[in-house]
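For the sequence shown, counting from 1, position 334 maps to 334 in the UniProt record's numbering; every step adds exactly one.
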Amino acid sequence: MALALLTRHALRAGTACSRVVSNKPVQMPCKAVFGRPMLAQRVLGFSVAAGPKGKQPPPPPPPVEEENELDEGMDYDPMEDLTVPQRRRVLAMKDVQKKYDLVHNEYQKELAALQHKYNEKYAPIFDERRNIFTGKTAITEKFALEDDGEADGPVPDFWLNALANHNKVGPFITERDSEVLKYLEDVRSEVLLGEERGFKLLFYFRADNPHFTNKVLEKMYVLEPEDDVVPKRFTGTNISWREGRDVTVEETKRRVKGGKGEKSKPAFVVEKVPCDSFFTIFDPPKVPTEAEATSMSEEELEEVEEALANDFDIGFAIKDQVIPRAVEWFTGEIAPISPDEYDDEYEEGEY
């Protein structure tokens, strides 16, 4: 319960940023706030000053101890301040809510079927786009452009640039990731049908990709049926990295003691340490059950919630924004202006 509530707030905070993309300047990035609210003294930074000589003011009340929210939530009664008649009315409205939920579930199933229908209509359009940027389709239209003497051919790094230019996806792409994403040939999405709700992303890589043997990487987002932003399960393809090509880890050498004797040479052990990478979305954190959540510390819960929120933000942005308008993300013409760029372009008095 506690994890679901916190995750719901975290994911909604993230998707509020990712669902609206325009050319308007971004004043500040959306960031989910996790954890308990700090005490006023910590937030405002004030302290109780000494009183004047003579009669002293009464001592400040003892600080309120922060209680564990998870334990507090177990015994919490949301209707404790209501009268019995008011409680009856609330319970009656909850029965009405169940009727809404039944109708809404029907809507969600029909919506998924409709999205699936139009995904099939989008497919040949996306095929046409892929054949253009890969150079398979000859372009005879001049578009009122004079020849510059350059040979015609594929548009390089199309998907790398389209993803990197997105304000939600780009920050998670490292320099090492870029070398892998150069081989990305296409990205598609599918709607989950049946009892499970959510969507799937498919990343198609070129046959000459030297980094891993997989031709297609899949990422599935299964969501709770009652809420379209609360995760039920995130899963990804197990990437078969070639030797020395795994960009999700860094290799470090650690010196260890050699054998006995003065002439023994020092030995080194190579350790693989996890590092930041876009490709970690294919190995997402497991959504803990309610029982598992109660045994986790607040810091551990916050870490999982933030990882899930970032993961969902990336997936949702790719599905609903990058894939449909990839050419505009490639050129960067619909990417939001950063605060620094906005300040440089629109200095005070220059509008």
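Note that beta-carbon positions come from the ideal geometry of N, C-alpha and C, so glycine has one too.
Your pair Pro-231 and Phe-312 checks out as a contact, with CB atoms roughly 7 Å apart and the cut at 8 Å. Look at Val-273 here: in three-state DSSP terms it is strand. Phe-199 counts as buried, since no fewer than 16 other beta carbons sit within 10 angstroms of its beta carbon.
Nearest Cα to Arg-233 within the set Glu-179, Glu-271, Val-327 and Glu-305: Glu-305.
Rounded to whole angstroms, the separation of the alpha carbons of Pro-171 and Ser-297 is 28 Å. Counted as a single uninterrupted DSSP element, the beta strand (DSSP E) harbouring Glu-190 occupies residues 184-191. The three-state reading of DSSP puts Thr-140 in coil, since its state is none of H, G, I, E or B. Between Ile-323 and the set Pro-285, Ala-164 and Tyr-76, the nearest pair of CA atoms involves Ala-164. Annotated three-state conformation of Gly-198 is strand, per DSSP. In the structure shown, Arg-176 falls within a helical segment according to DSSP collapsed to helix, strand and coil. Judged by DSSP secondary structure, Glu-106 falls outside any beta strand (DSSP E) and instead within the alpha helix (DSSP H) spanning 84-133. By alpha-carbon distance to Pro-124, the top candidate from Gly-153, Glu-196, Asp-186 and Lys-142 is Asp-186. For Glu-218, the enclosing beta strand (DSSP E) has its first and last residue at 216-223. Assigned with DSSP and collapsed to three states, Glu-302 falls in helix. For Thr-294, the enclosing alpha helix (DSSP H) covers residues 290-294. Excluding residues up to 5 positions away in sequence, Lys-253, Arg-254, Arg-255 and Val-256 lie with their Cβ nearer than 8 Å to the Cβ of Phe-268 in the same chain. In this structure, DSSP gives Glu-328 a helical state, which the three-state scheme calls helix. In the structure shown, the three-state DSSP call for Ala-309 is helix. Between Glu-333 and Met-220, the alpha-carbon positions lie close to 29 Å from each other.
Counting the other CB atoms within 10 Å of its CB gives Asn-238 a total below 16, which places it among the exposed residues. DSSP places Gly-236 in the strand class (E or B) of the three-state scheme.
Per DSSP, reduced to three states, the secondary structure at Val-322 is helical.
Under the DSSP assignment, Trp-241 falls outside any alpha helix (DSSP H); it carries neither an H nor an E label.
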